[in-house]
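Chemist: Sharing a structure with you now.
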Ligand SMILES: Cc1cc2nc3c(=O)[nH]c(=O)nc-3n(C[C@H](O)[C@H](O)[C@@H](O)COP(=O)(O)OP(=O)(O)OC[C@H]3O[C@@H](n4cnc5c(N)ncnc54)[C@H](O)[C@@H]3O)c2cc1C
Ligand SMILES: Cc1cc2nc3c(=O)[nH]c(=O)nc-3n(C[C@H](O)[C@H](O)[C@H](O)COP(=O)(O)OP(=O)(O)OC[C@H]3O[C@@H](n4cnc5c(N)ncnc54)[C@H](O)[C@@H]3O)c2cc1C
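Here's what the structure looks like:
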């Protein structure tokens, strides 16, 4: 059977989103800025796409309460610019995302940056949501107060849903004060040495905002501190002392490379030879850089060696040993959070899922060449039947986001 | 209960752990909301997660409603038994299974008390952040179900921000894990939905929590102000200065009178309002911010500023604050504790409206609350002997709904339970509530898991909110309300 070419609807209000859901029969895809289009399972061909990028802008910002409500299609970057005028921010290091990722998309993909160490991810910053379900029901939960324990926290259900329950149309976020001063401290070394530094750092009272190892030759540990203008230099001094020889303060550009690797442009591994682990025992897992560069536009046939980006999470202390065993060509590793983003040859994705599961962790395929056919998720969670039951309750005809959770459902 | 069903429970748990003696089952007839009581048919006291699953499977097979119970300190009737149902008490699952300092986390059975977590973590310089005032006795299972918070959740967040994973027995008796070893999650955050679900989605049998490093320093001050509004302005200015205190608590004259009378903690009796501000962090940051806070207090006409000079003095300031609830009994024969939230910027306005409403009702209202996150705990004072009960209950509900009208929430930390289910339509539309019910049906299609709680049902809505009666543990001086 041939399908008509999918239509794209671009509603400009919550009501129009609801009309679009009600008036369009069949399977619907939801998109924000499309920056995570290739993440997770491959979406099945929809009958129509609801593009939320027209549903953009701040609805209300209450600076005194440090809350803001926004239309779900609002690019985080634009939101941050507006908040900065009031000395506030959404404490998600999405400032580095220059690709226009939207608030709704970030909630739906359960994303978080390095500062999740202190501020948590989007799940911890969202205090209210409004979502349109498949039957046109508009469901609202939460509100403009950070403390609220009335009813089920529906925002959590949306977090990580990849659009399977329906389009978010409005999101209320809690804000934090923008830091008065920020410092970035770097120290070179392989991941196991970095893990040792992070262990000591976390046992110290220095309160790092982020601690990420970035692969390279031999790799670099980046630590971010935030604080007062007069006091931060003192703390920076204490941190330099704690890390010892080779530690130095660098500019914020240290994070740009980290962001590029996290975003993981598939098929463009780090040009440098990367060494994930070079322990004294010589357990070096040096990968071949440049192997199988794929066409980012994804035209050609799948090159099994082409790079795919996998996001993994496990207990923090297990991360460095886990990474050492992966065929990674580029890595960013939150050694205090246990969350890492790795670029691996496309053919190795299944093996990565297995290794992560064996370490008690979880993994999901992120960016990849279009043609790559690799499993998006690792072993199914024990709560899969429950997840399906909730999905059936909210979207009985499975209209939304078919394919995102393949091979699970 | 059908004796054959009872014997299934006995076969599973042994006769000693299946209670049907009416005198003993009565012990479980209510939680901290002592105005509602229902005697359960049976009380089951499993010792392992598998036993819990076994109990739930028997309930599922016979469609018997069950209610999980931790320490029974809930203040909204969440653990109130249901008629012809069983109570599954979790106090015997009370082992700290693991403290893992390298990964800064602990794995706990649900009956471990909140304070025991910090006690187990302390040798490693770690602690568990959420700190409800009932922490000496309330259980982590109850904390998960209520998404509990405490004075320090302004900076550190609630239970939901500190739980990595939970092992749960679902209402069909199956056992699943929600969440995982890291914050990275797989698919929709079902753990987040479960947190704060008030025992309506299943029973928690193990919890993995994040532990934080004990801060380098803590600085606490007590400041008096010429008006509640001035105190409220100080809170706003502290926040506007980009400072996130560990805690900011406010008390009005009535609350101070009661607390000082009870504890002699050193509060001023002639001040209309007092603030307790606590900062924590590294030495440098704390000192810098502390100086700023003092300056802000001065700017708003602070009449007395007392800085705790020692850990004992700090404990003393908190003792007065934490005793305020129970101490109100000294100045009024009866009172109702309310728990609503308003946007912080509307605090002064709301407090003024509450005062007007009190005057109109001819009743006094004392205020002691978490000012930093707008979580009010107005105490409606009345005398049942003088026939003021109904008026007080009405005023209390009016205050809760006023909070919603101001853009806030019906509950900040005590949950909805049976107590506030009837007020839910004031906060949520019919569609919102219907969708929550659909989510619930996804977990519990047969409606046997703590039925009648959280979401409004016509039966409950015929009942009235209850007035304050001290929890037996409060009377025993073991816990205090905050
Ligand atoms: C190169 C690159 C670098 C990146 N760097 C970072 C980084 O440093 N830090 C960081 O935190 N993130 C980063 N990201 C993450 C990424 O930008 C976001 O996670 C992404 O999801 C943003 O949203 P979007 O609008 O582009 O989503 P889309 O790609 O449009 O959609 C993603 C998923 O969300 C669903 N969805 C989108 N909008 C809605 C909605 N309103 N309601 C319901 N479901 C919806 C879609 O159906 C889809 O399943 C990066 C991504 C890339 C490609
Ligand atoms: C004096 C006093 C002060 C208080 N101060 C605070 C405070 O500062 N902050 C705050 O948030 N709360 C406070 N509370 C309320 C109460 O202590 C908390 O809600 C607490 O988390 C309840 O824990 P519990 O073990 O007593 O649970 P219970 O009262 O036994 O149960 C509460 C709810 O949790 C469910 N439940 C219990 N165990 C489980 C489990 N293992 N699995 C699934 N569901 C379960 C029950 O079914 C019920 O719905 C206070 C109470 C009192 C009496």
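Protein chains in written order, with the numbering used here: chain A, -1 to 407; chain B, 755 to 1236.
By construction, the Cβ of each residue, glycine as well, lies at the ideal position given by its N, Cα and C atoms.
These figures come from a predicted structure and were not determined experimentally.
Whole angstroms is fine: what's the gap from residue 897/B's alpha carbon to residue 868/B's?
Modeler: To locate residue 897/B, count along the second chain from 1; it is residue 143. To locate residue 868/B, count along the second chain from 1; it is residue 114. Those two C-alpha atoms are separated by around 8 Å.
Chemist: Between the stretch 1185 to 1202 of chain B and chain A, which residues of the former have CB atoms less than 7 Å from a CB of the latter, in chain order?
Modeler: Of all residues in the stretch 1185 to 1202 of chain B, 1185, 1186, 1189, 1190, 1192, 1193, 1195, 1196, 1197 have a Cβ within less than 7 Å of some Cβ in chain A.
Chemist: Listing by chain order, which chain B residues have their CB less than 7 Å from the CB of residue 139/A?
Modeler: Within the first chain, the letter at position 141 stands for residue 139/A. Result: 1186.
Chemist: What is the rounded straight-line gap between the Cα of residue 1169/B and the Cα of residue 313/A?
Modeler: Taking the first residue of the second chain as 1, we reach residue 1169/B at position 415. Taking the first residue of the first chain as 1, we reach residue 313/A at position 315. Near 32 Å, if we compare the C-alpha coordinates of residue 313/A and residue 1169/B.
Chemist: Helix, strand or coil: how does DSSP classify residue 763/B here?
Modeler: The residue given as residue 763/B occupies position 9 in the second chain. Helix, per DSSP.
Chemist: Any idea what DSSP makes of residue 50/A, helix, strand or coil?
Modeler: Within the first chain, the letter at position 52 stands for residue 50/A. Residue 50/A: helix per DSSP, three-state reduction.
Chemist: May I have the straight-line CA-CA distance separating residue 299/A from residue 74/A, to the nearest angstrom?
Modeler: Against the first chain, residue 299/A aligns to sequence position 301. Against the first chain, residue 74/A aligns to sequence position 76. With a pLDDT of only 42 at residue 299/A, under the threshold of 50, the placement of this residue in the model should not be trusted; the figure read from the coordinates follows. Distance between the alpha carbons of residue 299/A and residue 74/A is about 34 Å.
Chemist: Please name the residue, chosen from 197/A, 196/A, 159/A, that lies closest to residue 106/A on a Cα-to-Cα basis.
Modeler: Taking the first residue of the first chain as position 1, residue 106/A is located at position 108. Among 197/A, 196/A, 159/A, the Cα nearest to that of residue 106/A belongs to 159/A.
Chemist: Given that residue 1170/B touches chain A, what residues does it touch there, using C-beta distances under 9 Å?
Modeler: In the second chain, counting from the first residue as 1, residue 1170/B sits at position 416. What residue 1170/B touches in chain A: 147, 148, 149.
Chemist: Which residues in chain A sit within 7 Å of residue 1181/B, going by Cβ to Cβ distance?
Modeler: Stepping through the second chain from its first residue, residue 1181/B is reached at position 427. Those are 148, listed as they occur along chain A.
Chemist: Would residue 1134/B and residue 1146/B qualify as a contact pair, given that the criterion is a beta-carbon distance under 8 Å?
Modeler: Numbered from 1 along the second chain, position 380 holds the residue referred to as residue 1134/B. Numbered from 1 along the second chain, position 392 holds the residue referred to as residue 1146/B. In this structure, residue 1146/B lies closer than 8 Å to residue 1134/B by Cβ.
Chemist: To which residues of the same chain is residue 361/A closer than 8 Å at the C-beta, ignoring the five residues directly before and after it?
Modeler: Sequence index remark: in the first chain, residue 361/A carries index 363 (1-based). 308, 309, 310, 311, 350, 351, 354, 355, 375, 376.
Chemist: Between which two residues does the alpha helix (DSSP H) carrying residue 1074/B extend?
Modeler: In the second chain, the residue the question calls residue 1074/B occupies position 320. Element bounds for residue 1074/B: 1065 to 1081.
Chemist: By DSSP, does residue 815/B sit in helix, in strand, or in coil?
Modeler: As a first step, residue 815/B is located in the second chain; it is residue number 61 there, counting from the start. Residue 815/B falls in the helix class under three-state DSSP.
Chemist: At a Cβ threshold of 8 Å, is residue 858/B touching chain A?
Modeler: As a first step, residue 858/B must be located in the second chain, where it is residue number 104. Answer yes: the Cβ-Cβ gap between residue 858/B and chain A drops below 8 Å somewhere.
Chemist: Grab me the residues of residue 1099/B's own chain with a C-beta within less than 8 Å of its C-beta, minus the 5 sequence neighbours each way, in chain order.
Modeler: Here residue 1099/B refers to the residue found at position 345 when the second chain is read from its first residue. Around residue 1099/B: 990.
Chemist: Mind checking whether the beta-carbon of residue 1237/B lies closer than 7 Å to any heavy atom of ligand 2?
Modeler: One cannot answer for residue 1237/B here, as it falls past the ends of chain B, which runs 755 to 1236.
Chemist: Between which residues of its own chain and residue 279/A is the CB-CB distance below 7 Å, once the five residues before and five after are set aside?
Modeler: In the first chain, residue 279/A corresponds to position 281, counting from 1. Low local confidence applies: a pLDDT of 32 at residue 279/A is under 50, so the model's placement there is unreliable, with the coordinate-based value given in what follows. Answer for residue 279/A: no residue qualifies.
Chemist: Hey, could you find the ends of the beta strand (DSSP E) residue 223/A is sitting in?
Modeler: Looking up residue 223/A in the first chain gives position 225. Its beta strand (DSSP E) spans residues 218 to 225.
Chemist: Do you know whose CA, among 1043/B, 875/B, 944/B, 777/B, lies nearest residue 793/B's CA?
Modeler: Translated into the one-based positions of the second chain, residue 793/B becomes position 39. If we check each option's Cα against that of residue 793/B, 777/B comes out closest.
Chemist: If we ignore side chains and look at the alpha-carbon of each, how far apart do residue 1057/B and residue 1073/B end up?
Modeler: Counting from one through the second chain, the residue named residue 1057/B turns up at place 303. Counting from one through the second chain, the residue named residue 1073/B turns up at place 319. The alpha-carbon atoms of residue 1057/B and residue 1073/B are separated by roughly 22 Å.
Chemist: When the Cα of residue 857/B is compared with those of 918/B, 1105/B, 1207/B, which residue comes out closest?
Modeler: Within the second chain, numbered from 1, the residue matching residue 857/B stands at position 103. For the residues 918/B, 1105/B, 1207/B, the minimum Cα distance to residue 857/B belongs to 918/B.
Chemist: With hydrogens ignored, establish whether the beta-carbon of residue 952/B is closer than 7 Å to any heavy atom of ligand 2.
Modeler: As a position in the second chain, residue 952/B is number 198, starting the count at 1. Yes; taking the cut-off as 7 Å, the Cβ of residue 952/B has a heavy atom of ligand 2 nearer than that.
Chemist: Does the Cβ of residue 1076/B have 16 or more other Cβ atoms within 10 Å, making it buried, or fewer, making it exposed?
Modeler: Counting from one through the second chain, the residue named residue 1076/B turns up at place 322. Here residue 1076/B is buried. Its C-beta has 16 or more other C-beta atoms within 10 Å.
Chemist: Just curious, the beta strand (DSSP E) that residue 796/B is in, first and last residue?
Modeler: For this step, residue 796/B is matched to residue 42 along the second chain. Segment 796 to 798, the beta strand (DSSP E) holding residue 796/B.
Chemist: Just checking: is the beta-carbon of residue 232/A within a distance shorter than 8 Å of some beta-carbon in chain B?
Modeler: Sequence index remark: in the first chain, residue 232/A carries index 234 (1-based). Closer than 8 Å to some Cβ of chain B, the Cβ of residue 232/A qualifies, so yes.
Chemist: Considering only heavy atoms of ligand 2, does any lie closer than 7 Å to the CB of residue 844/B?
Modeler: Position 90 of the second chain, counted from the start, is the residue given in the question as residue 844/B. Within the cutoff, so yes.
Chemist: Which stretch, first to last residue, makes up the alpha helix (DSSP H) that contains residue 1192/B?
Modeler: Counted from its first residue, the second chain places residue 1192/B at position 438. Counting along the chain, the alpha helix (DSSP H) containing residue 1192/B begins and ends at 1184 to 1197.
Chemist: Report yes if the C-beta of residue 900/B is less than 7 Å from at least one heavy atom of ligand 3; otherwise report no.
Modeler: Ligand 3 is absent from the structure shown, which contains only ligand 1 and ligand 2.
Chemist: If we require 4 or more residues per run, which alpha helix (DSSP H) segments fall completely within the stretch 122 to 166 of chain A?
Modeler: Annotation note: the stretch 122 to 166 of chain A contains the following uninterrupted alpha helix (DSSP H) runs of length 4 or greater, listed N- to C-terminal: 152 to 156.
Chemist: Is the Cβ of residue 154/A closer than 8 Å to any Cβ of chain B?
Modeler: What you label residue 154/A is simply residue 156 of the first chain in a count that begins at 1. True, the Cβ-Cβ gap to chain B drops below 8 Å.
Chemist: So the beta strand (DSSP E) residue 305/A belongs to, where does it begin and stop?
Modeler: Taking the first chain and counting its residues from 1, one reaches residue 305/A at position 307. In the DSSP assignment, residue 305/A falls within the unbroken beta strand (DSSP E) covering 305 to 311.
Chemist: Going by other Cβ atoms of all chains shown within 10 Å of its Cβ, with 16 needed for buried, is residue 1177/B buried or exposed?
Modeler: Position 423 of the second chain holds residue 1177/B. Result: buried.
Chemist: Less than 8 Å between CB atoms is the rule here; does residue 1161/B satisfy it with respect to chain A?
Modeler: Your numbering for residue 1161/B matches position 407 in the second chain. Output row for residue 1161/B: interface = yes.
Chemist: In whole angstroms, what is the alpha-carbon distance linking residue 359/A and residue 321/A?
Modeler: Reading the first chain from its first residue, position 361 is the one you call residue 359/A. Reading the first chain from its first residue, position 323 is the one you call residue 321/A. In a straight line, the C-alpha of residue 359/A is about 12 Å away from that of residue 321/A.
Chemist: By alpha-carbon positions, which one of 1000/B, 864/B, 982/B ends up nearest to residue 1006/B?
Modeler: For the purposes of this step, residue 1006/B is identified with residue 252 of the second chain, where counting begins at 1. The option with the nearest alpha carbon to residue 1006/B is 982/B.
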